[in-house]
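If you read the protein sequences in the order shown, they are chains A and B. Going by our numbering, the first residue of the first sequence is number -19, and it counts up by one from there. Going by our numbering, the first residue of the second sequence is number 178, and it counts up by one from there. C-beta: ideal position from N, C-alpha, C; glycine also. Since this is a predicted model, take the numbers as computed values, not measurements.
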Amino acid sequence: MTLTGTHLVALLPLIVVCATAIAVMLGIAWRRHHAGTALATAAGLVAALVALVSLGPRLPLVVPLLVVDGLAAFAGVTILLATLVCVALAYGYLASYPGPREEFYLLLACAAAGGMVLAASRHLATLFIGLELLSMPLYGLLAYAFLERRSLEAGLKYFILSAAATAFLLFGMALLYAQSGHLDLAGVAAALGARPAPWGLAGLGLLLVGLGFKLSLVPFHLWTPDVYEGAPGPATAFLASASKVAVFVVLLRLVLATPAAQDAGLRGLLTVLALAGMLVGNLLALRQSNLKRLLGYSSIAHFGYLLAALVVGDGLATEASGVYLFAYVVTTLSAFGVVTLLSSPYGGGDVAALPHYRGLFWRRPWLAAVLTLSLLSLAGIPFTAGFIAKFYVIALGVEAGRWWLVGGIVVGSAIGLYYYLRAMVALYLVEPGMRRHDVPGDWGTRAGGVVVLGLAALVVLLGVYPAPLIAWAQTVARLTPG
Amino acid sequence: MALIGLILIPFLGGLACWQGERWGERVPRWIALGSMLLVLLVALGLWWQGDYRLVAAAEPGSLPWAVEWRAAWIPRFGIEVHLALDGLSLVLVALTAWLGVLAVLCSWHEIRRRVGFFHLNLLWILVGVVGVFLAVDLFLFFVFWEMMLVPMYFLIALWGHSSATGRTRIGAATKFFIYTQASGLLMLVSILGLVFAHRAATGDVTFSYAALRGTPLSDALAMWLMLGFFLAFAVKLPVVPLHGWLPDAHAQAPTAGSVDLAGILLKTGAYGLLRFALPLFPDASQAIAPLAMGLGLVGIFYGALLACGQQDIKRFIAYTSISHMGFVLIGIYAGTALALQGVVALMVAHAFSTSALFILSGQLHERLHTRDLREMGGLWGRLGSLPGFMLCFVVASLGMPGTLNFVGEFLILFGSFPVAPWVVAIASAGLVLAAVYSLLLMQRVHHGPPRGEGRSTDLDRREYAMLLGLLALVLGLGLYPQPLLDTAGAALHELPRLLGNAMTLGSP
């Protein structure tokens, strides 16, 4: 098969990101320059974003092994935006990092490319390549501050468990291939039919295990809190946002495209996973006193809520997933943004223990307001993006009559409130004579500060006027076949 | 436009308070007072202009809003920013504004730390409450319902008191938040269930109150959906098994917080029942009416008995609120025109008398630095005119003829009798308990052997004016309640017909 002009246009955003990674790598080899590297990465990502957005009217485009449809474009835009935020955060964070700083951006760009491939894959080969291209740089990112024991531990832990998950994934793929004789998703789905043989089901199940690990669905969630806690702030932000979006999108694509996924047993399994995620994530978060761990458990719970969309799995599911993912990414990035800003510039270990945040509001009201908004949004309080997302998921569950899931969401949210409120109120408590970690006075005018303020504004804006986001998600659903 | 103003004034005023703190401590107080007075003026202006009796003559089935304002919000789900006002909302909005003024005034000296942020929260609570009273789009209603929790949480958690017995203010605030939010989510599920049932019947998705009122529902579905609404409102009211948050929240909150909680937040629960739970699900509501009235009875006695055993004056008053809300619940589910008028009267009366009692206990706390009843006693004659005021409001709270509380309780009992004579008979015994706990409170605070020497400072002009204003309202409306009943009664004329209790007796 030859590449045509249309193919090139469809692949252009991906090509730009890859070219950025290569350019950054060559630039580092030539001369190390922190600001220059960060700027070049950001410029490349923006160019890719422009290329992706300008594809808009021509979607969906099908390339050998990849498909650039509504979902892929949605994931691409979200991943690129999240990566841009991480670049801005990393720039302030690494400013005084003692080791080499420039490679961080190289790894970020590679991981972004991996995420885009993964979200656009329509073939098991690209699915695998994308997933590994996303994961490999993440090992490096998570262990970037490797002189710090916790960071190294986070990287190693993620690496080892990720390798195990990959093994499951490959085994699943092998089973699917053995059963169907196809490697492209459409072929696999068609061969499996609506009532697949046990081996086909097993293959799907193993695929779910492999992807579920990356999403930290409940039985596979054990790595999450440690990795979230140990990794450097910008790396955690990337892991929690861009990487999850890519993996969730591919899972959604699998479920939507495969009639076999409508199988009652598989549905039941997904329901159990979703309920377990909501309850376990929220319950384990209750006693956490470290903000990054808390956000880690909270992400487990949120992907439990989001799995509800997969369980329902009909027309509104894509739309609901789009709204939820975007709201979640914006909220999570702004929460980790505040953590990163407080830990910037790097001084060995992040500032994440809740006592450090006591009274932040009275020292840095706007920064504390940003974190308050993110926590409220994670809790799903009205006038924040998180509420619209939760509204969508509950609406989806009620419409489909999945009362167990709806009940789980209600109970999970009620439990979750406890720790979100606990973290939030700490920002406002005054302890005399305590002046712990602080940000520089001009944080609001630096790259990281501007980005974080923008994210918080977006959280409120999407909560107050969600119509544009909903319209976008509807377009995504319309442009996604299956 | 006036309706948007009612919401925007406190919202912008709150922001101005927060930023105004940099020009001095007094600036936020005056801004807050000014914006609440403005809201009160707008509400009274609406009262002056509109004729709320006229709409009672409208044909049955229509929704005669006096003022209406709507704009598209989320077209995907047919959600609108739809605000509307009738007599019932007007009474409650005016009440909210008036208590808002009092809340600002009574924290004039009590709150000394972080004044700007305090007033931001105080005003934003009122944004949420006014929004709840005005919203007639169910999504918008839910948004305001949840939104008022956050500032209330901050108010209790940051400016509250932690008592020595291990009850912390943050614990109380969290309890309050979780109770209300969890039950609120059940209401959201019910709202969505109703919306999708409406879509199944008619094909269009809408959250509009007017459209959803006529949704055909199977009996079982209506019952489940109604229970979702009922739970949310019952937590707020509170109905007895769901009241756990209330004593803690009241006792730990600052005075302004208690005034807002008792005066208006509890009323949102009753308002929700009157506006949404009953009209949307008349048959299911009728079916659980005996249960609801039974719970009301339990509340009357439980609240009164537990109040007698409290040592903390604010917990004491909080429990009496539970008792009063038992009457409200009975009146609502009796559903006759007379009982519903009594409900409105008692809600207003309870707001006045209980917030006055909370203001008084705040003033006692400022002078004695304790809220423990065991450390009070013998204060009569040592606090200037404070004990006199306290006597007036205690007597109002026990329902002495001549006060608005009497009008409310009497109308509720009288109106409920044809529907549920036994309930009324038992509830009347609760009035005796009300007299017992009220006089007990008076006796323990102001009589008995004195615990200290000397006189405390008398009420200053600000405190005097607040209490006098409240007293004038309680007595004035108690002696001539007709304007209040006329204004709110017309809005409720539909309910008795829906509930099948069409009684001509006393209907406006």
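DSSP places valine 48(A) within a strand segment (E or B) once states are collapsed to three. In the three-state DSSP reduction, valine 416(B) falls in the coil class, being neither helix nor strand.
Listed along the chain, the chain B residues whose CB falls inside 7 Å of the CB of alanine 375(A) are Leu369. By the CB criterion at 8 Å, isoleucine 507(B) and serine 593(B) fall inside the cutoff. In the three-state DSSP reduction, tryptophan 242(B) falls in the coil class, being neither helix nor strand. For aspartate 164(A), the beta-bridge partners assigned by DSSP are His103(A). Alanine 105(A) places its beta carbon 8 Å or farther from that of alanine 123(A). The C-beta distance from glycine 72(A) to proline 325(A) rounds to 7 Å, short enough to meet the 8 Å contact threshold.
For the options Gly327(A), Leu156(A), Phe108(A), the alpha carbon positioned closest to that of valine 419(A) is the one of Gly327(A). Contact with chain A is absent for threonine 379(B), since none of that chain's Cβ atoms lies less than 8 Å from the residue's Cβ. Collapsing the DSSP output to three states places histidine 501(B) in a helix.
Nearest CB-CB separation between tyrosine 408(A) and chain B: below the 8 Å threshold.
Nearest CB-CB separation between tyrosine 330(B) and chain A: below the 8 Å threshold.
By the 16-neighbour rule on beta-carbons within 10 angstroms, serine 605(B) is exposed. Here threonine 345(B) has Ser339 as same chain residues with Cβ atoms under 6 Å from its own Cβ, once five neighbours each way along the sequence are excluded. The alpha carbon of lysine 272(A) has as its nearest neighbour, out of Cys90(A), Pro362(A), Tyr399(A), the alpha carbon of Tyr399(A). Per DSSP, isoleucine 256(B) lies in no alpha helix (DSSP H); the unbroken beta strand (DSSP E) holding it starts and ends at 256 to 262. Annotation: the continuous alpha helix (DSSP H) that includes leucine 185(B) extends over 179 to 197. Scanning its chain for C-beta atoms nearer than 6 Å, with the 5 sequence neighbours on each side dropped, one finds around glycine 473(B) the residues Gly503, Leu506, Ile507, in chain order.
The C-alpha of glycine 443(A) is placed about 20 Å away from the C-alpha of alanine 359(B). Per the coordinates, the alpha-carbon of isoleucine 140(A) lies some 29 Å from the alpha-carbon of threonine 311(A). Using a Cβ-Cβ cut-off of 7 Å, proline 252(B) is close to Ala447 of chain A, given in chain order.
Along the segment 172 to 186 of chain A, there is no position whose C-beta sits under 9 Å from a C-beta of chain B. In the three-state scheme derived from DSSP, where H, G and I count as helix and E and B as strand, alanine 249(B) is classed as strand. When the Cα atoms are used, methionine 258(A) and leucine 149(A) turn out to be separated by approximately 24 Å.
Taking CB atoms only, tyrosine 304(A) has no neighbour in chain B less than 8 Å away.
Beta bridge pairing from DSSP links alanine 312(B) with Leu260(B). When only Cα atoms are considered, threonine -18(A) and cysteine -2(A) end up about 21 Å apart. Residues of the segment 489 to 501 of chain B with a C-beta less than 7 Å from any C-beta of chain A: none at all.
Each of Val350(A), Phe371(A), Ala403(A) was checked against the Cα of valine 390(A), and the nearest Cα belongs to Phe371(A). Interface with chain A (8 Å Cβ-Cβ cutoff): phenylalanine 453(B) is excluded. Glycine 317(A) sits close to leucine 435(A), with the two beta carbons spaced by under 8 Å.
Of all C-beta pairs linking the segment 425 to 433 of chain B to the segment 384 to 399 of chain B, fewer than three are shorter than 8 Å, placing the two stretches out of contact. The beta-carbon distance between serine 196(A) and glycine 180(A), rounded to whole angstroms, is 26 Å. This is too long to meet the 8 Å contact definition. Distance from the CA atom of leucine 300(B) to the CA atom of glutamine 540(B), rounded to whole angstroms, is 22 Å. Legend: CB atoms of the segment 324 to 344 of chain A lying less than 9 Å from CB atoms of chain B belong to residues Phe341, Trp342.
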